[in-house]
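Asker:
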């Protein structure tokens, strides 16, 4: 399952833990940068946890990243679709909207 660690951020606002069948690609964070990223969600596999969704603001720029979305089966997941649509609005500096 994916655990939402910040349910107040515009990209993940109100989202709950969700199941997704996907491969979990992991980012190898540099120790100097990991604390500068705002982590929104993590994978939870018992004793294995890893950040899978994060954002970062740099000056006027905004960045969204997720390790989810390996194949069509993952992209068919409504929670992933919702999060990515919201992220597109957020990174563009627009009011965040849900997909229709």
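Numbering (the numbering used here), first residue to last: 6 to 105. Glycine is no exception: its CB is placed at the ideal position from the N, C-alpha and C atoms.
Where does residue 18 sit, in a helix, a strand or coil, going by DSSP?
Answerer: Residue 18: coil per DSSP, three-state reduction.
Asker: In the DSSP assignment, what are the bridge partners of residue 68?
Answerer: Answer by DSSP bridge pairing, in chain order: 61.
Asker: Quick check: the stretch 94-104 against the stretch 71-80, are there 3 or more CB pairs under 8 angstroms?
Answerer: Taking 8 angstroms as the limit for Cβ pairs, the verdict is that the stretch 71-80 does not touch the stretch 94-104.
Asker: I need the straight-line Cα distance from residue 79 to residue 9, nearest angstrom please.
Answerer: Taking the straight line from one Cα to the other gives about 17 angstroms.
Asker: Look at residue 103 and residue 90 and say whether their C-beta atoms are less than 9 angstroms apart.
Answerer: It is a contact, given that the beta carbons lie within the stated cut-off.
Asker: Closest to residue 105 by CA distance: which of 98, 86 and 43 is it?
Answerer: For the residues 98, 86 and 43, the minimum Cα distance to residue 105 belongs to 86.
Asker: Tell me which residue opens and which closes the alpha helix (DSSP H) that residue 89 is part of.
Answerer: Here the alpha helix (DSSP H) through residue 89 covers 83-96.
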